[in-house]
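Engineer:
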Amino acid sequence: MAQADVSIKPTEVQGGHGHPDKWKWYDYFTFNVDHKVIGIQYLVTSFLFYLAGGFMAVLMRTELATPDSDFLSPDLYNAFLTNHGTIMIFLWIVPAAIGGFGNFLIPLMIGARDMAFPKLNAIAFWLNPPAGAVLAASFFLGGGAQSGWTSYPPLSEITANLPQTLWCVALVMVGTSSILGSVNFLVTIWKMRIPSMKWDQMPLFCWAMVATSILALFATPVLAAALILLTFDINFGTSFFKPDAGGNVVVYQHLFWFYSHPAVYLMILPIFGIMSEVIPVHARKPIFGYKAIAYSSLTICLVGLFVWVHHMFTSGTAPWMRIFFTISTLIVAVPTGVKIFSWVATLWGGKIRYTTAMLFAVGLLSMFVFGGLSGVTLGAAPFDIHVHDTYYVVGHFHYVLFGGSVFGIYSGIYHWFPKITGRMLNEPLGKVHFVLTFIGTLLTFTPMHQLGMQGMPRRVAMYDPQFADLNQLVTVGAYILAVSVIPFYFNVIWSWRSGKEAGPNPWNALTLEWTTDSPPIIENWEVLPVLTHGPYEYGMDKANQVGPAGEPTEATQV
Amino acid sequence: MQGAIDSNTAAANGHAAVAHEAHEEHQDLRVLGLITFLASEFLMFAGFFAVFLVFRGSAAEWPPKETEVELLLPAVNTLILVSSSWVINLGTKAIKKNDLAGMRKWFGITAAMGAVFLAGQVYEYMNLGYGLRTNLFSNCFYLTTGFHGAHVFIGLVLILGVLWRSRRANHYSDITHTGPEMAEIYWHFVDVVWIVLFTLIYLLTLLN
Amino acid sequence: MKQIPAPFWTLVLGIAVTLISLWVGQNHNLLPVQASEQAPLVDDLFDVMVTIGTALFIVVQGAIVYSLIRFRQRKGDETDGPPIEGNLPLEAFWTAIPSIIVVGLGLYSVVVFQEMGGFSPGGHHGHGAMVAMAPQQSVIDVAPLMAQMGPGENVDADVYSKAQVYGFGASPLLQLNQPDVTVNVTGMQFAWIFRYPDTGITDGELHIPVGKDVQLNIEAQDVIHSFWVPQFRLKQDALPGEPAELRFVATREGTYPVVCAELCGAYHGGMRTQVIVHSPEDYADWVASRVAEVQTTTTVAQPLETATSAEYLAAIAPDLAKSPVQIAQMDHAQMAQGAAQNP
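Chains as they are written, first to last, in the numbering used here: chain A, 1 to 558; chain B, 559 to 766; chain C, 767 to 1109.
1. What residue range is occupied by the uninterrupted beta strand (DSSP E) comprising C/E1112?
2. For C/T1021, which beta-bridge partners are listed by DSSP?
3. On the premise that A/H398 lies in contact with A/F445, defined as a C-beta separation below 8 Å, what is that separation, rounded to the nearest angstrom?
4. Within 10 angstroms of its Cβ, does A/P195 collect 16 or more other Cβ (buried), or is it exposed?
5. Please confirm if A/Y259 has its CB atom under 7 Å from at least one CB of chain C.
6. Excluding sequence positions up to five away, which residues of its chain have a Cβ less than 7 Å from the Cβ of A/D75?
7. Counting beta carbon pairs with one atom in the stretch 696-715 of chain B and one in the stretch 671-685 of chain B, are three or more of them shorter than 8 Å?
8. Measure the C-alpha to C-alpha separation of A/I93 and A/L43 and round it to an integer number of angstroms.
9. Would you verify that the beta carbon of B/N647 is, or is not, closer than 7 Å to some beta carbon of chain A?
10. Can you find the residues in the same chain that come closer than 8 Å, C-beta to C-beta, to B/L755, ignoring five residues on each side of it along the sequence?
11. Assess contact between the stretch 223-237 of chain A and the stretch 205-212 of chain A, defined as three or more Cβ pairs (one per stretch) separated by less than 8 Å. Is contact present?
12. For the alpha helix (DSSP H) containing C/P975, name the first residue and the last one.
13. Please give me, in chain order, every unbroken run of the alpha helix (DSSP H) with length at least 4 that falls completely inside the stretch 714-757 of chain B.
14. List the endpoints of the continuous alpha helix (DSSP H) containing A/Y399.
15. In terms of residues, what are the limits of the beta strand (DSSP E) holding C/G1007?
16. List the residues that DSSP assigns as beta-bridge partners of C/M954.
17. Go to C/H991, then tell me how far its beta strand (DSSP E) extends in each direction, as first and last residue.
18. Count the other CB atoms within 10 Å of the CB of A/Y290; is the residue buried (16 or more) or exposed (fewer)?
19. Can you tell which of A/F31, A/A133, A/K198 and A/Q253 has the C-alpha that lies nearest to the C-alpha of B/G605?
20. At which residues does the beta strand (DSSP E) containing C/G933 begin and terminate?
21. Beta-carbon of C/V799 versus every beta-carbon of chain A: anything under 7 Å?
22. Any residues in the stretch 94-126 of chain A with a beta carbon nearer than 9 Å to a beta carbon of chain B? Which ones, in chain order?
23. Given this structure, state the Cα-to-Cα distance separating B/R662 from A/G85, to the nearest angstrom.
24. By how many angstroms is the C-alpha of A/A131 removed from the C-alpha of A/L171?
25. Report the neighbours of A/F236 on chain B: residues whose CB is nearer than 8 Å to its CB, in chain order.
26. Using a beta-carbon distance below 7 Å, is C/G970 in contact with chain A?
27. With a CB to CB cut of under 8 Å and the five nearest residues on each side skipped, what residues in its chain are close to A/P129?
28. Name the chain B residues whose beta carbon is nearer than 9 Å to that of A/F240?
29. Do A/G452 and A/T516 have their beta-carbon atoms positioned less than 7 Å apart in this structure?
30. Just reading off the beta strand (DSSP E) that C/D969 is part of, what are its end residues?
31. Tell me, which residues are paired with C/S802 by DSSP?
32. May I have the straight-line CA-CA distance separating A/L510 from A/T532, to the nearest angstrom?
33. In this structure, does DSSP put C/C1030 in helix, strand or coil?
34. Is it true that the stretch 430-439 of chain A meets the stretch 373-386 of chain A, where meeting means three or more beta-carbon pairs spaced less than 8 Å apart?
35. Applying a beta-carbon distance threshold of less than 9 Å, which residues of chain E neighbour A/A263?
36. What does the alpha-carbon distance come out to for the pair B/E583 and B/G737?
Below is the structure:
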């Protein structure tokens, strides 16, 4: 890491040679077009939003520690539940998993110097902080949107109009960001791989990002359409979703879920990609069934576009739709199952390193098995009719989104932090973080299933006293989760400044991002690497003869 | 998998050159990016169209008596917009033959046709006798045509931008013409959306 | 995959997993009591899913835990694992098994769905709203009272003339054309209103006889609500402008909660009432007493423009259950109409 010596002009990246060797801290607060800077910007902002969304969750769980509505005002409670969902989805998981890891890793993994459209990339990121600011503003201009992250009309049209409009604006902003990002990912992966890398030599994270991007491109504009119609209804006197003027409330639900079910896959497909990277490295074994995992991502992407009505089984849904979407929903379980089995088979026979990254990956696997199975039960319309809109659903989707996506983001952070910052995270502290998170997750989200089946609906601030015991358990779990982030944030901040130096390849991993410095130099490599082996050839002679891996760096630096 | 390619500097430099070129030119990639983006954009219109069709299917009378659409002016407008797609194509063909004056002529005509289309639409709005809020049909009508109109406007700005930049010597040539090409693609997109929109909102009323 | 245990142990484990799964499937006790004819159908489906799910859960989690222990890195071993990149037969196997399970579950779901009456909301086999449109004839022993009241007026007739009705209709097993009891259910912020078109009764609680074929015509006045009785395993959103119905036979006398399951505003959590499943005799008594009450209260019903939070709070006061009339008064329009027709 040579210090920047002469003529530091951070803005001159474009020129190719006029840029410094290394970014200064303030470059991370500017409109910077380096994909690594943008990736870090996404990660850091999303982790801040994570705290905001988590804070709302803690307040809601405090309210729910007792059956009565006695802690928050009902309007504020609804504002928190709306914005908790919105922030966690649109400003935490999506930007962290897609924007953060995607931007930082994709060019490095395919041997490109940057994304295809660096400026567009920076624009896409800079739509996010203002979106968060708009959501924050909505709290001060009328108490925040209060009709749930689904914002079903007519409730969303008669409740808190200004905050609801701001909510729509914020979502259109992050949606636009997501579309621009997806265009970038698709074109980059398609056209900017190093010439020696064929499609089936791409790391699986890239495949996952291809599927994610396609899904985002197809689904997000439909959400934009729904939100535009909703905004017009609220502010400009149209009546698309006003039944008394001929509008139809169910039409909104179709448009909304046409995006928002795929949004679930937007949040989990990149995580599946992270899993496929982390597990082979720390199990020291090639990924089991590369093609099956790659194609199952595409299958999920395709089938995932045709399952949205399962969110509407109890709504205005014709019988044939209930049946069609039951079947299509159940089918999604197959490619997902293939991935899970493949990861388990990757573990099987490996030499598993108990790193924190691996613990979170295995924790995710474990959580996702349960979340996936409860998902199958929800896919079956007759049972879904009983538990729809109950805590069973809340338990299920937190299992897959917290136990899945958030565990995956944590795993990715522990795995790639050395690459991103050049320093290792503290492992003992990481293990404390893992144990707290794992226990907290089990305590928080498992009892929810039973609550839902027994009769507790979701999105309530008050509930039947018979559910008090389980709810208190859930609240305790939520507090443990709240505490669990403390060692993590401390670890990140401390290690970023004074952690152990990582070196280019601390895990002896084989994908291309480990062939450059940590943190990578601007434009990633002095001389672009040449692919000499596949991404997962652990235990094969090339990768493992002399002190496992590591050679790629030397080989390409010659 | 890949046979260990000798890490000779020639190969490495070749890759560096590719990457370098990508930074400077992005010739094909920008066009590709635009097409990908427009595919996505089209789905937003598809959302609006789907809503329109659902309401059409469930309404007893569509469009209702007091909000009928006029056909003549929009048909003329359609002719103008569709033929402008041919005109702009002549423009990019010209620049591909390094005929800058030809490109400027055809792009200028396209811009004029686009402006006439927008003027025609404004005229139509002012003479329909009903507004955005009148009923569900008028909601759909103004929203879809309005959003399309906004896209026509953006296309117009793109074309004028190309014309503006074309004043600079050698900005566009038979080798570098991504700008005009992208403007053309966007203009075709606007055109295609209009054809679907015209069919749904105007022509389908003939079936009633 | 050399590490697969010997056949004998595989067999023993297989039997153990099967037995445990079967036991869990039957004894999870996760669902509330069954109080409708649909409930056992749903529960059987759930039990099957729990059984299969438990087996898969044990096998996959077992494999994970086993791997973590058996295949952990040993001290000083810095080498990699064996370079196994896949196993086509194994992959085909674990693609095929879930596919078969999923298709099986799908078919089973369709059967259950049909038996629940899911294919016939709004009349038989989804062909329009014949049942809802037909004159309502009560076949239980409130006939004398009905004669006294005159034929019930379905105030929602225009809504139900729409082609599509959502929800659950008559189960094909019942082979009935007419429900025994029809109740028009209206959701509003933040209460449920139950109107009995046969008798003119309006109430804040749902009273139905056990063992009779009940049809609820569900709609919403302001925003979307969702009518849910956990013990019936039935739920249907009440959609403004979109008619829906639930048709069921209650099988167990008792009092069960009616829960609003769709976020409907600030006091969504408090939007609850009860369904009281009576014996036929009790039900007849209840109808008789309420009919007498209706005739006195309709004349004093006060029109209220909107249900504000204050009224709502008044409405959820504990004494509500004793005086459902308070809620009935909120529904002014229909009451005024009823009063006009039954002076």
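Beta carbons are placed, not taken as given, at the ideal position from N, Cα and C, and that holds for glycine.
Structural biologist: In short:
1. Residue coverage of chain C in this structure runs from 767 to 1109, which leaves residue 1112 of chain C outside it and unanswerable.
2. C/I1042
3. 4 Å
4. exposed
5. no
6. G143 and Q146
7. yes
8. 10 Å
9. no
10. F603, F607, T702, T703 and H706
11. no
12. Looking at the DSSP string, C/P975 is not in any alpha helix (DSSP H); the run it does join, the beta strand (DSSP E), is L972 to P975.
13. 736-755
14. Y391 to V400
15. Per DSSP, C/G1007 belongs to no beta strand (DSSP E) and is neither H nor E.
16. C/A957
17. H991 to V995
18. buried
19. A/Q253
20. Y932 to F934
21. no
22. G111, A112, R113, D114, A116, F117, P118 and L120
23. 51 Å
24. 7 Å
25. L690 and R691
26. no
27. T45
28. V609, F613, L694, N697, C698 and L701
29. no
30. I967 to D969
31. C/A1016
32. 10 Å
33. coil
34. no
35. No chain E is part of this structure, whose protein chains are labelled A, B and C.
36. Only weak support is given to the placement of B/E583: the predicted model assigns it a pLDDT of 41, under 50, and the question is left unresolved by the model.
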